[in-house]
Each structure stands twice: as structure tokens, then as C-alpha cells.
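Step one of this worksheet: look at the structure below.
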Amino acid sequence: MPTFSGKTAIVTGAAGGIGGGVALRLAEGGADLALFDINEADIEPIAGKCRAAGVNVTTAMVDQTDPGSIQQGIDRAVEQHGGVDILSANAGYCALSTLLQQPLDEWNKHLAINLTGTMLLAQGVARNMVERKSGGVIVIVSSGAAVQHVDQASAYSVSKAGVKMLTECLASELGPHRIRVNGIMPGLIETGMVSPIFDLSPTSKSHLTSRTPVGHFGTPDDVGALVAFLASPDARYINGHSVMIDGGALLHDFQWFHQDYTESHTENWTLI
Numbered sequence: 276m277p278t279f280s281g282k283t284a285i286v287t288g289a290a291g292g293i294g295g296g297v298a299l300r301l302a303e304g305g306a307d308l309a310l311f312d313i314n315e316a317d318i319e320p321i322a323g324k325c326r327a328a329g330v331n332v333t334t335a336m337v338d339q340t341d342p343g344s345i346q347q348g349i350d351r352a353v354e355q356h357g358g359v360d361i362l363s364a365n366a367g368y369c370a371l372s373t374l375l376q377q378p379l380d381e382w383n384k385h386l387a388i389n390l391t392g393t394m395l396l397a398q399g400v401a402r403n404m405v406e407r408k409s410g411g412v413i414v415i416v417s418s419g420a421a422v423q424h425v426d427q428a429s430a431y432s433v434s435k436a437g438v439k440m441l442t443e444c445l446a447s448e449l450g451p452h453r454i455r456v457n458g459i460m461p462g463l464i465e466t467g468m469v470s471p472i473f474d475l476s477p478t479s480k481s482h483l484t485s486r487t488p489v490g491h492f493g494t495p496d497d498v499g500a501l502v503a504f505l506a507s508p509d510a511r512y513i514n515g516h517s518v519m520i521d522g523g524a525l526l527h528d529f530q531w532f533h534q535d536y537t538e539s540h541t542e543n544w545t546l547i
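Under this note's numbering, think of the first position of the sequence shown as 276, with each following residue one higher.
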């Protein structure tokens, strides 16, 4: 029997690289899926691949800056699937800026999407789990930036550090309800959303590769495999931890930028 047969998982940021990788891994394990993204139409390619695994898949447009949208998405998933057993919270946002030039609205957007939105999502799903007395698993994507700052991404780093602590707080509070909460802290993962980092300089990608001990970047499937493990019964005694998945890049100070090509007016990029 597949690991997640009879279980339903909400996967946010499902149209993105990491969210898509997680969705596919959970579908392969037999989980029915409620896929959330700010762009519902963009979920369909991943939704189709997941349906091909023989599981039930629904999609919803969820704006993580809007508490009402988050709750509506959860309510819809509960109505369509009968409840939620697993939450994989992947949606996030990053825009590059030095702190000296950081616009307040961008700072607030990082906190709204990465921290507050994640809290509201976990809160809403956990309430359903507690009400059903079914237990459950929550896996939250933080970032390696939560423990090692990233130049020109201070708002992102601060918000993801908050997500790491949120994971610990949730794990402590929800553990007695048989709900495990863990996090993952990715380094650079090969998705279209991180390609602007490589565009900062012709040498940026080779520099970053050279600072990763395994000599390559991660893939969405690497992250999906870790989420699937943490959501599985094999991880039943793991709670309140955030697992780094970065190929060892943190061992070299997790430097995404260096003096040769750090510029004060770099164009913003987004990571959803």
C-alpha cells in the first residue's frame, strides 16, 4: 500500500518548482491533493501529472496576503476531500534590495506572504486536524537564509527566520494533538525562479556551484523527497526541526553573492 493512501495533502505554491516537486512526490505515494497557488491556471500542468498517478486532485486560487482567501482555500479543501491530513507550505516571496534602499511596502509584503500567511495557513489546517482528532503532519518551507543571511535579501532572510521559529512554536503546541510540524531549509534549487540570481553575472552560477561541496544544485524532486519523508510514518519521532537541504553550501557560509557582482541597484526578482 502506498505510504499516503487514504490521506489528503494541501500543497501551496503548487505551480512553482518546489511546490510542484512536492505535489508529484506525494501523489506518487498515493495522497489525494488540494493544490493552492496565486495563479490557479498555472497549477494545471502539475495537477495533470498528479492525476496520472491515480489520485484525486483539486485546485484553488489562494492569495497568501489575504486571510480570507487562505481560509476559503482550506474550507474548500475540507469540503472536497473530507479533511486534511498533510500540509506542505511552500509559497513564498523574495525581492532583492539592500536595507538602505528597502521600500517599506516590500518589507511588509515579505512578512505578509512568508510569515503571516504561513501562520494563518498552518493555523487553519491545524484547527481542522484538532477538530477531527485525526493527528496530522505539517511541513513548512523556510530557507537556508533563515540561519545564514543572504546579501541583498534581508527582508527575505528575516521573514524566513521567523518561519523557522514558527515551525518550532507550532510543533510544541500541536504535538499533544498528534500533529507533527517540521521545516525544510533549501539552498539553491534548480527552478526558473532562481535563474535571475545566475543572471547577475556571467560568473555567478559557476561561483555558486564551486561553493557547494556536492558540486551541483538541488532539484524540486530532491525537496519533494524530503517533504515526503517528513510526512511519512518513518519520521514519526521527528518534530520541531528544520532540515537543511543545500548540498553543504552552508559549510561555506552560504554565500549567494560576492563582492565582484553585488550591486546596489540590482533589479528585483521574485521567488513564489
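Note that CB positions come from ideal geometry on N, CA and C, so glycine has one too.
Remember, predicted model here, so these are calculated numbers, not experimental data.
- Pairing G292 with T466 gives a Cβ-Cβ distance under 8 Å.
- Put simply, the backbone Cα of G305 is about 10 Å away from that of L299.
- Between G410 and A397, the alpha-carbon positions lie close to 14 Å from each other.
- If you check the CB distance, I520 and M460 come in under 8 Å.
- Listed as beta-bridge partners of R455 by DSSP are V412.
- Put simply, the backbone Cα of K435 is about 31 Å away from that of E354.
- C-alpha of K480 to C-alpha of D496: approximately 20 Å in a straight line.
- In the DSSP assignment, A302 falls within the unbroken alpha helix (DSSP H) covering 292-303.
- Secondary structure remark: continuous beta strand (DSSP E) runs of at least 3 residues inside the region 312-364, in chain order: 332-336, 361-364.
- Pairwise C-beta distances place the region 509-518 out of contact with the region 483-493, as fewer than three of them are shorter than 8 Å.
- Contact between the region 410-424 and the region 340-353 is absent: fewer than 3 CB-CB pairs across the two stretches fall below 8 Å.
- By the beta-carbon neighbour count (other beta carbons within 10 angstroms, threshold 16), C325 is buried.
- Within the DSSP bridge table, the entry for M394 names no partner.
- One Cα belongs to D341, the other to G392, and the distance between them is close to 8 Å.
- Burial is judged here by how many other beta carbons sit within 10 angstroms of a residue's own beta carbon; V400 has at least 16 and is buried.
- Residue pairing by DSSP puts S517 in a beta bridge opposite G458.
- Secondary structure at L310: strand, using DSSP grouped into helix, strand and coil.
- Taking C-alpha positions only, F492 is separated from L505 by approximately 21 Å.
- Beta-bridge analysis with DSSP links I464 to G493.
- Taking V489 as the centre and dropping the five residues before and after it, the same chain places the C-beta of G522, G523 closer than 7 Å to its C-beta, in chain order.
- The alpha-carbon of K282 is positioned some 14 Å away from that of T333.
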